[in-house]
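Chains as they are written, first to last, in my numbering: chain Z, 7 to 353; chain G, 7 to 353; chain B, 7 to 353; chain P, 7 to 353. A virtual CB, placed ideally from N, CA and C, is assigned to each residue, including glycine. Notes follow the structure.
4 protein chains.
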Amino acid sequence: MIRFNCDYSEGAHPLILEKLAQTNLEQLPGYGADPYCVQAEQLIKDLCHAPEAAVHFISGGTQTNLTVLAALLRPYQSVISPDTGHINVHETGAIEMTGHHIVALPHQDGKITADQVAQVCKNHWQDENPEFSPQPKVVYISFPTEFGTLYSKEELFALRRVCDEHNLFLFMDGARLGYGLSAPGNDVSWTDIATCCDAFYIGGTKLGALLGEAVVLTNPKLQKDFRYIMKQRGAILAKGRVLGIQFLTLLQDGLYKKLGAHANKVALLIRDACKQAGLKFLYDSPTNQQFLIMPNDVLKKLEQTYVFSHIRPYGKNETVIRICTSWASHEEDAKQLIADIKQLLGK
Amino acid sequence: MIRFNCDYSEGAHPLILEKLAQTNLEQLPGYGADPYCVQAEQLIKDLCHAPEAAVHFISGGTQTNLTVLAALLRPYQSVISPDTGHINVHETGAIEMTGHHIVALPHQDGKITADQVAQVCKNHWQDENPEFSPQPKVVYISFPTEFGTLYSKEELFALRRVCDEHNLFLFMDGARLGYGLSAPGNDVSWTDIATCCDAFYIGGTKLGALLGEAVVLTNPKLQKDFRYIMKQRGAILAKGRVLGIQFLTLLQDGLYKKLGAHANKVALLIRDACKQAGLKFLYDSPTNQQFLIMPNDVLKKLEQTYVFSHIRPYGKNETVIRICTSWASHEEDAKQLIADIKQLLGK
Amino acid sequence: MIRFNCDYSEGAHPLILEKLAQTNLEQLPGYGADPYCVQAEQLIKDLCHAPEAAVHFISGGTQTNLTVLAALLRPYQSVISPDTGHINVHETGAIEMTGHHIVALPHQDGKITADQVAQVCKNHWQDENPEFSPQPKVVYISFPTEFGTLYSKEELFALRRVCDEHNLFLFMDGARLGYGLSAPGNDVSWTDIATCCDAFYIGGTKLGALLGEAVVLTNPKLQKDFRYIMKQRGAILAKGRVLGIQFLTLLQDGLYKKLGAHANKVALLIRDACKQAGLKFLYDSPTNQQFLIMPNDVLKKLEQTYVFSHIRPYGKNETVIRICTSWASHEEDAKQLIADIKQLLGK
Amino acid sequence: MIRFNCDYSEGAHPLILEKLAQTNLEQLPGYGADPYCVQAEQLIKDLCHAPEAAVHFISGGTQTNLTVLAALLRPYQSVISPDTGHINVHETGAIEMTGHHIVALPHQDGKITADQVAQVCKNHWQDENPEFSPQPKVVYISFPTEFGTLYSKEELFALRRVCDEHNLFLFMDGARLGYGLSAPGNDVSWTDIATCCDAFYIGGTKLGALLGEAVVLTNPKLQKDFRYIMKQRGAILAKGRVLGIQFLTLLQDGLYKKLGAHANKVALLIRDACKQAGLKFLYDSPTNQQFLIMPNDVLKKLEQTYVFSHIRPYGKNETVIRICTSWASHEEDAKQLIADIKQLLGK
């Protein structure tokens with residue numbers, strides 16, 4: 007079977023395994039105090055032009071989201087998220103378990119707007135008893151979104167402004183950041199992200215690492231005591247080197263964006279061919295995730311060879327599926343898939 | 007000013023104060039072990055024909071909701087609620103603070119249907135990774151709802167059936183139960199509630215008590231260790247007698263339903279007159295809460311004499327207000343209000 | 007039976023019931039915004055010479071402790087308490103449920119010292135990985151302690167100094183504050199408490215109220231958003247008047263200290279007589295709680311008439327009991343108890 | 007510098023890296039559903055003769071402890087632990103953050119006894135208000151303990167019996183399990199552990215894995231819905247293969263115990279030589295951790311070459327240090343250390 011169902015089907019990019027092996031027998035301090043973590047932190051600060059930032063490495067996305075939000079919120083404060091946000095639909099209520107209400111806003115292509123955020127704040131503070139509902143304090147967005155779409159630079163800065171006006175933190179889930187930064191048409195840079203966000207993370211798991219996310223706290227107020235919160239959530243890895251080495255490898259020499267660009271290229275190949283073949287897409291995604299509507303009979307045949315994610319039924323005879331590529335996807339597999347689709351559709 | 011803004015503007019029904027005074031110097035055990043609590047518990051079990059039930063007394067509604075849901079849910083389980091449910095909009099995220107996700111369903115007149123609940127469960131269990139979203143376990147409804155409307159006996163039993171099918175608990179917030187039970191057209195009895203619900207509470211605060219809600223746990227599985235959870239949330243009153251005596255007074259000789267009936271009568275007097283005068287209502291409520299659309303100019307003048315709750319603007323020139331009566335409302339005040347409205351509307 | 011087992015066996019001081027009845031039919035705003043709460047707040051600020059303080063009223067002690075500590079602590083911070091502190095032994099882990107570790111220090115007569123606190127901080131900050139244990143942030147003490155003993159003014163100010171040195175908050179549980187303030191030999195005043203503590207509460211439940219504790223937040227940094235935390239824990243009473251009126255009554259004309267003084271007087275009568283009769287006491291308490299060692303055969307006979315709290319067995323033939331008086335204790339009952347003890351002891 | 011300060015200074019055992027590289031490009035399902043996780047689970051069940059057990063893989067120890075305890079405890083229940091237990095002193099209050107009180111018992115050489123546990127339960131249930139303190143429900147022990155010592159088979163079965171008598175779960179923290187199982191004099195087997203414990207984990211991080219702990223739930227009641235709790239705490243790794251492959255490698259062909267035996271051998275070499283040289287040890291440990299008292303002047307010189315953990319000052323002129331070996335320790339380094347110590351001590 008050829009897997010197009012997610013971007014974490016393989017292990018790690020070979021350079022990562024190589025680097026892990028090379029350094030394997032070095033005796034290093036634990037808990038992220040090793041030189042590789044230190045270098046990776048510096049590299050990230052340089053990339054983002056954010057010398058005041060603090061960087062921490064955490065094993066996975068859900069743990070990162072719950073740890074960062076534990077740090078950003080007081081118990082009675084809430085996080086504003088698109089209703090399709092990962093924290094709202096795919097983390098078993100981890101944020102609520104952490105004690106916080108999620109204000110889930112209707113999304114447009116996976117995104118929310120500054121106006122929507124402003125309205126939430128206005129509604130809250132205009133209530134005669136604001137203290138009877140949770141106080142909005144963080145805006146959570148993903149880049150790319152769950153549907154592979156991107157905020158423009160303009161949209162991102164508009165969110166920053168509304169956060170400033172209403173005393174909110176902006177937190178970006180970058181589990182797939184590399185795909186976004188390298189997407190055709192993207193006008194958002196590392197520096198833009200570091201400038202706009204109080205906190206964000208650089209996803210490793212979905213971009214060629216064995217595991218790991220790099221949290222960047224650009225707002226100095228959030229840096230103090232962050233490691234207490236990490237430790238308390240089980241988010242400090244004893245062998246922190248495993249994360250530091252991986253991020254160092256990924257971020258040196260632009261590998262991270264190269265891996266993203268490759269996956270995007272393969273995905274867009276499939277997208278363009280499917281469009282030509284008359285298939286419809288739910289969102290206009292320039293990145294590695296493509297949501298398309300597939301006739302069930304075609305799907306059934308394809309699934310003898312390929313694995314996709316089923317999103318939901320679409321009417322009686324069609325299904326929305328997600329095709330997802332990665333750093334490890336083969337262009338030939340994509341071409342074969344395209345050929346098979348065309349043939350089955352009789353195009 | 008004459009207050010029609012809520013049902014807790016006065017102190018307690020005079021009989022309650024009398025009973026508190028009469029028993030004041032009796033030396034009694036604390037924490038709900040006094041004979042008044044014991045008698046009140048028995049009275050409630052008799053009223054509901056629920057000899058196996060357990061009854062506990064708690065100070066207020068939010069504390070009751072969070073305590074009961076802490077008892078009913080494991081950490082990864084969620085509660086299904088109408089989006090307008092009190093737990094979802096008026097308790098500062100107390101349920102999320104307790105660790106639980108609320109599945110907020112679109113309401114119809116403040117209610118949710120058995121079909122909606124079934125759909126949530128189906129969606130959850132059909133997911134290929136159900137453990138990636140919280141597991142639905144409790145259905146939370148209010149009787150009357152936040153808009154004063156009522157579930158019919160048929161609707162209530164349909165919810166019970168869907169709970170049985172999907173292994174859910176049914177929990178009824180009865181903060182205003184007395185208004186519902188005594189409403190014209192209501193076909194739901196104490197026994198129906200005890201039969202259908204695994205847990206519910208009988209509201210005192212909004213029905214003539216100084217404070218207090220009586221939790222009824224009809225499902226024996228929920229009874230064990232409930233007092234641990236109460237104590238841990240600060241929900242066991244040292245002088246439990248204060249709650250026991252009040253519920254004993256309210257529930258003896260049918261006082262509770264009489265107080266509800268009085269408030270309903272006054273509310274419906276206002277409703278019928280306003281309808282005649284051409285005002286529109288958002289919901290068809292047979293109980294003490296009435297949501298109507300009031301021209302802003304009329305409202306402004308009325309508010310020199312009366313206090314209402316503002317719900318939200320309705321277009322540019324009107325406002326949705328809530329008129330709320332109570333056991334203590336005076337029929338003459340209602341008549342004066344009606345006369346004033348008619349005069350201001352020129353009817 | 008005559009109850010000497012606790013200080014909440016009766017209802018409320020009669021003046022309180024009177025005042026509740028007098029104001030009962032006044033229509034007032036809810037949630038603590040009524041004029042009685044406002045007046046009670048002002049009265050407390052005047053008493054304490056703390057014009058910048060904020061005052062809030064909460065139903066009971068456990069709820070107060072968990073609400074205040076939720077406000078004072080970030081998730082990874084801990085509270086230092088004597089191991090015998092109420093939060094550590096008598097609240098079903100409410101503080102842990104709130105997410106916080108308690109650093110339980112060995113007590114001396116129910117108290118902890120500034121030196122002990124300093125040592126905890128030193129140990130924490132000298133650790134090479136301080137973030138691997140909770141960060142100490144609050145010192146919790148009771149006045150009087152669980153054993154009826156008192157901090158001297160000097161001890162209290164020493165705790166304040168150590169808190170300043172280590173950036174800690176000082177929080178006093180004053181569930182029985184009135185007994186302490188009116189005790190013979192006490193040199194701590196209202197103003198001392200307000201000066202030394204960042205937060206404290208004035209107990210009503212155990213000093214003649216039906217229920218209620220008045221939280222005083224003297225540190226302005228703690229005041230913002232406190233009501234959110236209250237509401238989220240179910241700690242804002244709808245009919246806030248019930249608490250405001252009671253504290254107004256208790257604190258006007260010095261009633262609060264008078265009630266404390268009466269209870270102390272009765273307790274010391276018993277203490278002195280028992281000492282004369284040769285009985286031993288565990289602690290040297292000048293307040294309403296007395297812990298004494300009673301021969302089991304005498305105890306058994308006394309318990310045909312009186313109720314005491316059993317603390318623990320003391321060897322094979324004796325038991326530590328607590329005798330506890332209150333504002334409502336009768337001097338005659340105490341004299342009868344003394345006579346009975348003497349007779350049974352053959353003195 | 008040569009590190010003897012912990013057992014996670016190196017990366018992974020080379021076979022693990024090899025196996026990760028070999029399988030790296032296989033496309034596998036995520037979240038622990040890959041064949042390597044499945045095989046590792048089966049291997050563990052075979053090793054333990056526990057065909058009904060369920061096995062889950064988690065990144066680190068703190069996360070494992072908090073996830074398992076979240077699954078084992080209701081909100082008002084507590085866990086009994088030696089006061090030196092990892093959960094009590096080295097996890098930043100993670101268990102309290104999860105909502106639970108830890109009953110910390112005085113340890114003997116890092117262990118607690120069945121009698122101590124029985125006493126806690128007796129005290130709890132004999133209280134006249136048991137619901138005023140957390141209900142003991144889990145016994146947490148470590149094997150080896152934090153001091154390298156071991157429970158004997160007899161001690162372990164005694165704990166099982168007391169758990170059965172008082173309806174408790176027994177949970178073993180096996181972060182260093184391999185060192186215990188392979189220690190000279192140890193009489194506890196895989197099967198004994200699976201028989202006695204309701205849940206335990208097999209530590210990978212401290213025994214040659216890059217990261218990872220394998221949780222074994224032998225009690226079927228604990229298995230249902232465990233993955234919900236994992237996911238909610240961020241404890242399901244997307245690339246579960248990373249953990250499955252490591253445990254498969256470690257547990258095949260007895261590698262795990264071999265690695266433990268090697269570390270123990272090196273540690274005991276040091277221990278025996280130090281004893282001969284007249285140094286004193288705090289505990290009699292047969293495993294890879296040795297706690298000894300070192301003159302400060304000697305220590306200072308040694309620390310020009312070696313890294314140890316400082317535990318605490320011991321009088322004015324000595325320090326308790328921990329010497330910790332691992333699968334990767336070199337016998338020659340140990341011999342050099344011994345020679346250096348002897349020379350510095352003039353032996």
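query	result
May I ask you to report which of helix, strand or coil DSSP gives residue 88/G?	strand
For residue 348/Z, which residues of its own chain have a beta-carbon under 6 Å away from its beta-carbon, when the five flanking residues on both sides are left out?	283
According to DSSP, simplified to helix, strand and coil, what is residue 175/B?	strand
Taking the beta strand (DSSP E) that residue 107/B belongs to, which residues open and close that run?	Taken as a continuous stretch (DSSP letters only), residue 107/B belongs to no beta strand (DSSP E), as it is neither H nor E.
Give me, in chain order, the residues of the same chain whose beta-carbon lies closer than 6 Å to that of residue 262/G; leave out the 5 immediate sequence neighbours on both sides.	184 and 256
State the Cα-Cα distance for the pair residue 107/G and residue 26/G, rounded to the nearest angstrom.	40 Å
Assess, as a yes-or-no matter, whether the segment 69-81 of chain G is touched by the segment 193-210 of chain B under the definition of 3 or more beta carbon pairs within less than 8 Å.	no
Rounded to a whole number of angstroms, what is the C-alpha to C-alpha distance between residue 225/Z and residue 177/Z?	11 Å
At the 9 Å Cβ level, is residue 46/G part of the contact set with chain P, yes or no?	no
In chain order, what residues of the same chain have a beta carbon less than 6 Å from the beta carbon of residue 51/G, not counting five sequence neighbours either side?	57 and 59
Would you mind telling me which residues of chain Z sit closer than 7 Å to residue 189/B, beta carbon to beta carbon, in chain order?	Neighbours of residue 189/B on chain Z: none; closest Cβ ~37 Å, over 7 Å.
Could you name the residues of the segment 68-95 of chain B whose beta carbon sits closer than 9 Å to any beta carbon of chain Z, in the order they occur along the chain?	76, 77, 80, 81, 82 and 83
For the segment 32-49 of chain Z and the segment 191-208 of chain Z, state whether three or more C-beta atom pairs, one from each stretch, are separated by less than 8 Å.	no
Taking the C-alpha atoms as reference points, what is the distance between residue 239/Z and residue 136/B?	15 Å
Against chain Z, with Cβ distances strictly below 9 Å, would residue 280/P count as a contact?	no
To the nearest angstrom, how far is it from the Cα of residue 67/B to the Cα of residue 353/B?	41 Å
Within 9 Å of any Cβ in chain P, is that where the Cβ of residue 132/G sits?	no
CB residue 358/Z to CB residue 119/Z, shorter than 9 Å?	An answer regarding residue 358/Z cannot be provided, because it is not within the stretch 7 to 353 covered by chain Z.
Scan the segment 135-150 of chain G for residues whose Cβ lies nearer than 7 Å to a Cβ of chain Z and list them as they occur along the chain.	137, 138, 139 and 140
Identify the residues that DSSP records as bridge partners of residue 268/B: which are they?	DSSP, once it has assigned bridges, lists no residue as partnering residue 268/B.
Using a Cβ-Cβ cut-off of 9 Å, state whether residue 245/Z counts as contacting chain P.	yes
Using beta-carbon positions only, say whether residue 327/P and residue 316/P come within less than 9 Å of one another.	yes
Against chain G, does residue 118/Z count as a neighbour if the rule is that its beta carbon must be under 9 Å from one of theirs?	no
Any idea what DSSP makes of residue 130/P, helix, strand or coil?	helix
Cβ of residue 182/G less than 9 Å from any chain B Cβ?	no
Closest Cβ-Cβ distance between residue 329/G and chain Z: below 9 Å?	no
Hey, would you say residue 260/B sits closer than 9 Å to residue 43/B, going by beta carbons?	no
Have a look at residue 234/B and residue 101/Z and give me their C-alpha separation to the nearest angstrom.	18 Å
For residue 1/B, report the span of its beta strand (DSSP E) as first-last.	The structure shown does not extend to residue 1/B, since chain B is modelled only from 7 to 353, so the question has no answer here.
If I follow the unbroken alpha helix (DSSP H) through residue 194/P, where does it start and stop?	First-last for residue 194/P: undefined, no H or E at that position.
If you measure between the beta carbons of residue 245/P and residue 17/Z, is that distance less than 9 Å?	yes
Using a cut-off of 7 Å between C-beta atoms, extract the partners of residue 237/B located in chain Z.	137 and 138
Of all the residues that make up the segment 20-34 of chain G, which are near chain B by a beta-carbon distance shorter than 9 Å?	20, 23, 24, 26, 27, 29, 30, 31, 32, 33 and 34
Write down the C-beta distance between residue 293/Z and residue 180/Z rounded to the nearest angstrom, noting that I regard them as a contact closer than 8 Å.	Contact flag wrong, Cβ pair sits at about 12 Å.
Can you give the Cα-Cα distance for residue 32/P and residue 15/Z, rounded to whole angstroms?	8 Å
Note down the Cα distance separating residue 168/P from residue 92/B, rounded to an integer number of angstroms.	29 Å
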